[in-house]
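A.B. asks: One structure is given below, represented as structure tokens, and several questions about it will come after.
Residue numbers (our numbering): -15 to 240.
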């Protein structure tokens, strides 16, 4: 079996790669940082010498590189697609950089959309395959001070849910899921410009392992951790204005 993982050079994507290798899955690792990809490849081969690892350097904020990535691997029989690449940007909407926001939209939305569409066609044709789109518990609510990031994750959650139902209604054996973690101990904070989380963070290795297990079970929404499950459930019932104020307060606490 072969898994393609975007955003594989760090965080959850890196842990997914190491986890899948222990399960006997060959890997195609995609990220912008070539050195980190090669270091991860070396680590995986050292620990799991039977695993084949291919690395591809790509900037998924560029649409043509998303299509280029698919064209490079379309002749492989990919079994798993992990759309894990993504980043955030902290600050008031009036003040955040528009160029950076558009780049985030390209990575968090357009790349996920393009790769899901292209690989899903292949998976549907052979009636097998797994797609895991990394969203966030942020995908269940709006996020003052991380407004665009939260909006992108809402897109990922809703797209995944809709495609899941389309597949289910036709009896397809293809599985599509959305991973919706809360705060995780990754590089997200430094990239987003956030000093610290206001609530406890999950371990990235735990999140990766839990995500893979639940994906294999066919779960639609994969929410690791009791606190995150409670936050996701609460977002459905809390009054909108109360929820907005609560999220804003938590975001402000991150940068104190």
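Just so it is clear, CB atoms sit at the ideal spot from N, CA and C, and this is done for glycine as well. Owing to the predicted nature of the structure, the values given are computational and were not obtained by experimental measurement.
Quick check on this structure: which residue in 72, 161, 144 and 147 has the alpha carbon closest to the alpha carbon of residue 127?
C.D. replies: On the chain shown, residue 127 is found 143 positions in, with the first residue counted as 1. Taking only the C-alpha atoms, the option nearest residue 127 is 72.
A.B. asks: Straight-line CA distance for residue -15 to residue 76?
C.D. replies: The sequence position of residue -15 within the chain shown is 1, counting from 1. The sequence position of residue 76 within the chain shown is 92, counting from 1. Going by the C-alpha atoms only, they are around 44 Å apart.
A.B. asks: Look at the Cβ atom of residue 40, then the Cβ atom of residue 56, and state whether they are nearer than 8 Å.
C.D. replies: Counting from 1 along the chain shown, the entry for residue 40 is found at position 56. Counting from 1 along the chain shown, the entry for residue 56 is found at position 72. Result yes, Cβ atoms of residue 40 and residue 56 sit closer than 8 Å.
A.B. asks: For residue 210, count neighbouring C-beta atoms within 10 Å of its own C-beta (all shown protein chains included) and say buried if the count is 16 or more, exposed if not.
C.D. replies: Numbered from 1 along the chain shown, position 226 holds the residue referred to as residue 210. Residue 210 comes out exposed.
A.B. asks: Expressed to the nearest angstrom, what Euclidean distance is found between the alpha-carbon atoms of residue -2 and residue -13?
C.D. replies: The residue given as residue -2 occupies position 14 in the chain shown. The residue given as residue -13 occupies position 3 in the chain shown. One C-alpha to the other measures close to 13 Å.
A.B. asks: Compute the Euclidean distance between the alpha carbons of residue 181 and residue 60, then round it to the nearest angstrom.
C.D. replies: In the chain shown, the residue the question calls residue 181 occupies position 197. In the chain shown, the residue the question calls residue 60 occupies position 76. Interpretation of residue 181 is limited by its pLDDT of 47, a score under 50 that renders its predicted location unreliable; the figure taken from the coordinates is listed afterwards. Each residue's alpha carbon lies about 40 Å from the other.
A.B. asks: In chain order, what residues of the same chain lie with their CB nearer than 8 Å to the CB of residue 185, ignoring the 5 residues before and after it?
C.D. replies: On the chain shown, position 201 is the one that residue 185 refers to. Contacts found: 166, 167, 168 and 169.
A.B. asks: In angstroms, rounded to a whole number, what distance separates the CA positions of residue 124 and residue 191?
C.D. replies: Stepping through the chain shown from its first residue, residue 124 is reached at position 140. Stepping through the chain shown from its first residue, residue 191 is reached at position 207. C-alpha separation (whole angstroms): 18 Å.
A.B. asks: Taking all protein chains shown into account, decide if residue 224 is buried (16 or more other Cβ within 10 angstroms of its Cβ) or exposed.
C.D. replies: Residue numbering aside, residue 224 sits at position 240 when the chain shown is read from its first letter. That one is exposed.
A.B. asks: Hey, out of 115, 14 and 134, whose CA is closest to residue 203's CA?
C.D. replies: As a position in the chain shown, residue 203 is number 219, starting the count at 1. Per the Cα distances, 115.
A.B. asks: Enumerated in chain order, which unbroken segments of the beta strand (DSSP E) with a length of 3 residues or greater are wholly contained in the region 42 to 111?
C.D. replies: 64 to 67
A.B. asks: Does residue 30 pass the burial test, meaning 16 or more other C-beta atoms within 10 Å, or should it be called exposed?
C.D. replies: Taking the first residue of the chain shown as 1, we reach residue 30 at position 46. Answer is exposed; the Cβ neighbour count stays below 16.
A.B. asks: What whole-angstrom Cβ distance do residue 118 and residue 187 have, given they're in contact under 8 Å?
C.D. replies: In the chain shown, the residue the question calls residue 118 occupies position 134. In the chain shown, the residue the question calls residue 187 occupies position 203. Not confirmed; about 16 Å, so no contact.
A.B. asks: Give me, in chain order, the residues of the same chain whose beta-carbon lies closer than 7 Å to that of residue 120; leave out the 5 immediate sequence neighbours on both sides.
C.D. replies: Sequence index remark: in the chain shown, residue 120 carries index 136 (1-based). Contacts found: 137, 164 and 165.
A.B. asks: Along the chain, where does the alpha helix (DSSP H) containing residue 6 start, and where does it finish?
C.D. replies: Counted from its first residue, the chain shown places residue 6 at position 22. In the DSSP assignment, residue 6 falls within the alpha helix (DSSP H) that extends over -5 to 6.
A.B. asks: Closer than 6 Å by C-beta to residue 82: which residues in its own chain qualify, once you throw out the five before and the five after it? Chain order, please.
C.D. replies: As a working note, residue 82 is residue 98 in the chain shown. Same-chain partners within the cutoff: there are none.
A.B. asks: Given this structure, state the Cα-to-Cα distance separating residue 62 from residue 103, to the nearest angstrom.
C.D. replies: Here residue 62 is taken as the residue at index 78 of the chain shown, counted from 1. Here residue 103 is taken as the residue at index 119 of the chain shown, counted from 1. Distance between the alpha carbons of residue 62 and residue 103 is about 8 Å.
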